[in-house]
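Numbering (my numbering), first residue to last: 25 to 314. We treat Cβ as the ideally placed atom computed from N, Cα and C, and that holds for glycine. Computed from a prediction, not measured in an experiment: that's the story for all the values here. See structure below.
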Amino acid sequence: SKAAPLEDVTVAELRVEPIKKVLLSKPAAPEPSIRDQSSNAVGDGVVIGSGSGNGQGQTEQEGQAFRVPDPGIYYYDAYLDGQYLQTASIEWQFDPKLGYRLFINIPYAFVGPFIFESRGKIDAYGLAPDFYVEHLGSRPARFTRFDRDGKGGGKLFFSQKPDQLKEIPPGTQDRFSLMMQLASLLAGNDQIDEKGTVREIPIANLDTVETWRFQSQGEELSDAVSTLGPTVLRHYKRLPVKEMDHKRRNDIWLVKDFGWIPGRVRLENEKGRTFELFLKQVDPIADLPK
25 SKAAPLEDVT
35 VAELRVEPIK
45 KVLLSKPAAP
55 EPSIRDQSSN
65 AVGDGVVIGS
75 GSGNGQGQTE
85 QEGQAFRVPD
95 PGIYYYDAYL
105 DGQYLQTASI
115 EWQFDPKLGY
125 RLFINIPYAF
135 VGPFIFESRG
145 KIDAYGLAPD
155 FYVEHLGSRP
165 ARFTRFDRDG
175 KGGGKLFFSQ
185 KPDQLKEIPP
195 GTQDRFSLMM
205 QLASLLAGND
215 QIDEKGTVRE
225 IPIANLDTVE
235 TWRFQSQGEE
245 LSDAVSTLGP
255 TVLRHYKRLP
265 VKEMDHKRRN
275 DIWLVKDFGW
285 IPGRVRLENE
295 KGRTFELFLK
305 QVDPIADLPK
């Protein structure tokens, strides 16, 4: 059965965690440094080492430990307004030289699949999307492009508003890369983000960029991911910033035993429509094709 509805959380005092640079680690043998003149990708100052987020493999850059999840295909039970749809999938690929690809496929009978894709690299602040696109059923695809300047900034181009360009704040994510950004931070060091800590993350939508606040609800043994049974989770809850945000929910549960990948995702829009994913299976895959 599905988990009980979420309760509203009243926050008296927020402990905000600012955007910080990251220190990359990877479980395999050390890879060469990444250099890409077209973006703010990690250069010679940051080497991907074989550490596990405990300070091993020192580099010239200091920062939060950051370890991306291993490539894999994650399968989920998908629900819309409490009604089961079909099995959805999240395909996660990563290569130190080529970057990452996050592909989300949610089948929806009689409407067409909901497709979301994020591609990018790793920069000094973690995941750095270059392109985000969503294709909802038979509707035309909509996208956001990150035109990076090689200095940590750049401009955002929106297919919805081609005449409106926005600056790219450091650490900017799209609406789905943020899940893997949080997973990578926890995989690097799971002592961060104790209960009550708030992370401010710039999010590029389809027509603007805004700062979202996610509060850690702490680590606990929970059955919130009903498909897995009781397991250790870290729950992040988006806090309202604008008036309309009080009607929106964005909750992410990350699973410790699976390297902090998303175990459950819950989205609710201002009209009350609720979409949920519950993890049920993980399959490893190879890295991005060379």
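Looking at the structure shown, is residue i part of a helix, part of a strand, or coil, going by DSSP?
i: residue 165; result: coil
i: residue 219; result: coil
i: residue 209; result: helix
i: residue 101; result: strand
i: residue 147; result: strand
i: residue 247; result: coil
i: residue 171; result: strand
i: residue 281; result: helix
i: residue 40; result: strand
i: residue 297; result: coil
i: residue 230; result: coil
i: residue 265; result: coil
Can you find the residues in the same chain that come closer than 6 Å, C-beta to C-beta, to residue i, ignoring five residues on each side of it along the sequence?
i: residue 193; result: 226
i: residue 43; result: 194, 195
i: residue 245; result: 254, 256
i: residue 123; result: 144, 145
i: residue 142; result: 126, 153, 156, 198, 200, 201
i: residue 242; result: 219
Near residue i, which residues of its chain fall below 7 Å by C-beta distance, leaving aside the five closest residues on each side in sequence?
i: residue 249; result: 255, 257, 277, 279, 287, 288, 302, 303
i: residue 149; result: 43, 45, 46, 194, 195
i: residue 171; result: 178, 179, 181
i: residue 61; result: Note that residue 61 scores a pLDDT of 41, beneath 50, so its modelled location is shaky and nothing firm can be said.
i: residue 297; result: 105
i: residue 183; result: 166, 167
i: residue 185; result: 231
i: residue 251; result: 101, 302, 303, 304
i: residue 96; result: 116, 306, 307, 308, 309
Please state if the CB of residue j and the CB of residue i are separated by a distance shorter than 8 Å.
i: residue 109; j: residue 131; result: yes
i: residue 214; j: residue 153; result: no
i: residue 294; j: residue 273; result: no
i: residue 222; j: residue 41; result: yes
Excluding the five sequence neighbours on either side, which residues of its own chain have a C-beta within less than 8 Å of the C-beta of residue i, listed in chain order?
i: residue 161; result: 132, 135, 136, 137, 138
i: residue 107; result: none
Check each candidate in the options and name the one with the smallest Cα separation from residue i.
i: residue 299; options: 97, 93, 39, 112; result: 112
i: residue 4; options: 209, 252, 263, 244; result: The structure shown does not extend to residue 4, since the chain spans only 25 to 314, so no value can be given for it.
i: residue 307; options: 90, 86, 94; result: 94
i: residue 211; options: 106, 191, 252, 284; result: 284
i: residue 128; options: 119, 292, 101; result: 101
i: residue 91; options: 169, 114, 204; result: 204
i: residue 261; options: 190, 206, 282; result: 206
i: residue 208; options: 39, 151, 147; result: 151
i: residue 164; options: 147, 140, 176; result: 140
Inset, instruction - Please go through the stretch 87 to 137 and give each complete beta strand (DSSP E) segment of 3 or more residues, from N-terminal end onward. - result: 88 to 90, 96 to 104, 107 to 119, 123 to 130
Inset, instruction - Taking only runs that begin and end inside the stretch 180 to 205, name each unbroken beta strand (DSSP E) of 3 or more residues, in chain order. - result: 189 to 191
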